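Asker: So the sequence lines, in the order shown, correspond to chains A and B.
With our numbering applied, the first sequence has no gaps in its numbers, which climb one by one up to 116 at the end.
With our numbering applied, the second sequence has no gaps in its numbers, which climb one by one up to 229 at the end.
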Amino acid sequence: ETGVTQTPRHLVMGMTNKKSLKCEQHLGHNAMYWYKQSAKKPLELMFVYSLEERVENNSVPSRFSPECPNSSHLFLHLHTLQPEDSALYLCASSQDRSASGANVLTFGAGSRLTVL
Amino acid sequence: GQQVMQIPQYQHVQEGEDFTTYCNSSTTLSNIQWYKQRPGGHPVFLIQLVKSGEVKKQKRLTFQFGEAKKNSSLHITATQTTDVGTYFCAGPVSGGSNYKLTFGKGTLLTVNP
Numbered sequence: 001e002t003g004v005t006q007t008p009r010h011l012v013m014g015m016t017n018k019k020s021l022k023c024e025q026h027l028g029h030n031a032m033y034w035y036k037q038s039a040k041k042p043l044e045l046m047f048v049y050s051l052e053e054r055v056e057n058n059s060v061p062s063r064f065s066p067e068c069p070n071s072s073h074l075f076l077h078l079h080t081l082q083p084e085d086s087a088l089y090l091c092a093s094s095q096d097r098s099a100s101g102a103n104v105l106t107f108g109a110g111s112r113l114t115v116l
Numbered sequence: 117g118q119q120v121m122q123i124p125q126y127q128h129v130q131e132g133e134d135f136t137t138y139c140n141s142s143t144t145l146s147n148i149q150w151y152k153q154r155p156g157g158h159p160v161f162l163i164q165l166v167k168s169g170e171v172k173k174q175k176r177l178t179f180q181f182g183e184a185k186k187n188s189s190l191h192i193t194a195t196q197t198t199d200v201g202t203y204f205c206a207g208p209v210s211g212g213s214n215y216k217l218t219f220g221k222g223t224l225l226t227v228n229p
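(1) At the 8 Å Cβ level, is LEU155/B part of the contact set with chain A, yes or no?
(2) Within the 8 Å Cβ cut-off, does LYS216/B reach chain A?
(3) Give the DSSP bridge partners of LYS152/B, in chain order.
(4) May I ask you to list, following chain order, the residues of the stretch 17-40 of chain A that have a beta carbon less than 8 Å from some beta carbon of chain B?
(5) Select from ASN57/A, PRO83/A, GLY110/A, PHE75/A the residue whose C-alpha is nearest the C-alpha of GLU213/B.
(6) Give the interface partners of GLN149/B over in chain A, defined as CB-CB distance under 7 Å, in chain order.
(7) Could you confirm whether any beta carbon from chain A is found closer than 8 Å to the beta carbon of GLN164/B?
(8) Can you pull the chain A neighbours of SER213/B, defined as C-beta to C-beta under 7 Å?
(9) For VAL55/A and VAL129/B, what's the separation of their Cα atoms in angstroms?
(10) DSSP has MET132/A in a bridge; who is on the other side?
(11) Please name the residue, chosen from GLU52/A, PRO61/A, THR7/A, that lies closest to GLU84/A on a Cα-to-Cα basis.
(12) Pull the bridge partners of LYS36/A from the DSSP assignment, please.
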């Protein structure tokens, strides 16, 4: 157990479906992240929430919509995705250490998404 | 934009051999982090280096941060099959917020028992 729980672990969806990924952290952290991991590409930061406020949005297409109702929960709503969106979506959390400029990430196990 | 390059991309060793992966940034980093991802798993934080020239050890793993804070290395002595996985370095985006880390593509280590 990493302290960051993601559901579902695997998801297959058609391009017209609407689905959501869920993340919950039990570490008392105040920042949560969505990363995308595709084969042969570096980890890509998608969104960051700090104290439930979105602080980073990395030019992600609007078919991905994040939601952070509180500091322990993070969602990624998916709508009309494309096959190239198939990837491992990783949630992470951190305790903001702005003073030292070093936020260490604790990742969840990921949600493996396949878009048909 | 800022780039973090890692070499090699792949490394296959015999158990007991040493292994080193190198990380180079196009800009100076305030700190560098290393993560390990086992096959089918998720990245797990290993260590963070902050000071110029810093060297840290974790059992058989030795991490170094370059004097110019633009490069770093991870060296594993006498590899074991449990060392198999992808090792990523990551550094804060220059001029960006504390939340933005740029990850390298990683080095995949396989170990032949």
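Built from N, CA and C at the ideal position, the CB exists for glycine as well.
Predicted model only: the values in this text are computed from it and were never measured.
Answerer: Taking the coordinates as given:
(1) Taking the second sequence and counting its residues from 1, the one referred to as residue 155/B is at position 39. Note on identity: in this sequence residue 155/B is Pro, with Leu being the wrong assignment. Cβ-Cβ to chain A under 8 Å: no for PRO155/B.
(2) The residue you call residue 216/B lines up with position 100 of the second sequence. So yes, LYS216/B belongs to the interface.
(3) Counting from 1 along the second sequence, the entry for residue 152/B is found at position 36. Answer is VAL160/B, TYR203/B, bridged to LYS152/B.
(4) ALA31, TYR33, LYS40
(5) The residue you call residue 213/B lines up with position 97 of the second sequence. Checking the displayed sequence, the identity of residue 213/B turns out to be Ser instead of Glu. The residue with the shortest Cα to Cα distance from SER213/B is ASN57/A.
(6) Locating residue 149/B in the second sequence gives position 33, counting from the first residue. Chain A residues near GLN149/B: VAL104.
(7) If you number the second sequence from 1, residue 164/B lands on position 48. True, the Cβ-Cβ gap to chain A drops below 8 Å.
(8) Indexing the second sequence from 1 puts residue 213/B at position 97. By Cβ distance, chain A contributes VAL55, GLU56.
(9) Against the first sequence, residue 55/A aligns to sequence position 55. Against the second sequence, residue 129/B aligns to sequence position 13. VAL55/A and VAL129/B: Cα-Cα distance of roughly 42 Å.
(10) Here chain A covers residues 1 to 116 and nothing more, so residue 132/A does not appear.
(11) Within the first sequence, the letter at position 84 stands for residue 84/A. Looking at the Cα atoms, PRO61/A is the closest of the given residues.
(12) Against the first sequence, residue 36/A aligns to sequence position 36. Per DSSP, GLU44/A, TYR89/A.
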